[in-house]
Amino acid sequence: YLSPELLTKIITEVDGVIGVKQSAGDLNLLANLMLQLGDRGLVMAATDALLYSAYSLGAHGSIAAILPAAPKLSVQLWDAVQAGDHAKARALHEKLLPIWNAVLDENLPANVKTAMAMQGRQGGHPRSPMPASSAAQRERIRSVIQAEIDA
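If you want my numbering, it's the 1-based position in the sequence shown plus 47.
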């Protein structure tokens, strides 16, 4: 991974670069990047299981697989953090994490498409050579959607 110092240098000195998608999965790196960069660039969170933490540290948004898999909860999480309602944000995080755990696998894009389809939003089929979600994956995803989204 690129260091916070190098990312800050790139964002502030390279024409056309206005921010970074931070997907290292290391909150220390994210926190230091946010501290060093300040308001000179944008940081988009991309570690799905850590969106609540990233938003709390000041991430400007996210580019993550959980967003199309659970869009309503994802927006509610963002809104809760922006409003300073951390009790609500943590509860939403605790609803999103099981969904993330259900779709996380080697064929993640296929599983995200499965989660979307189960909620009435067609994302198409995964591109070859990625396999579609297996029957076991579909059942796991269906179960968590019913528990966390449809509940």
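We treat Cβ as the ideally placed atom computed from N, Cα and C, and that holds for glycine.
Collapsed DSSP secondary structure at residue i in the structure displayed
i: residue 69; result: strand
i: residue 177; result: coil
i: residue 196; result: coil
i: residue 154; result: coil
i: residue 53; result: helix
i: residue 169; result: coil
For residue i, the first and last residue of its enclosing beta strand (DSSP E)
i: residue 91; result: 89-92
Extent of the continuous alpha helix (DSSP H) to which residue i belongs
i: residue 61; result: That residue, residue 61, is in no alpha helix (DSSP H); it is neither H nor E in DSSP.
i: residue 84; result: 74-84
Reference residue i, options the options, closest by Cα
i: residue 183; options: 150, 65 and 49; result: 150
i: residue 180; options: 118, 165, 64 and 157; result: 157
i: residue 99; options: 191, 77, 50 and 193; result: 77
i: residue 84; options: 69, 95 and 97; result: 69
i: residue 101; options: 117, 118, 82 and 116; result: 82
i: residue 195; options: 145, 175 and 51; result: 145
i: residue 166; options: 118, 61 and 60; result: 118
i: residue 71; options: 49, 62, 59 and 61; result: 49
Cβ separation of residue i and residue j, assumed to be a contact under 8 Å, to the nearest whole Å
i: residue 105; j: residue 91; result: The Cβ separation is near 12 Å, so there is no contact.
i: residue 88; j: residue 65; result: 6 Å
i: residue 139; j: residue 124; result: 4 Å
i: residue 128; j: residue 136; result: 5 Å
i: residue 80; j: residue 54; result: 6 Å
task: Return the chain-ordered ranges of every beta strand (DSSP E) run that is complete within the segment 95-148 and spans a minimum of 3 residues.
output: none
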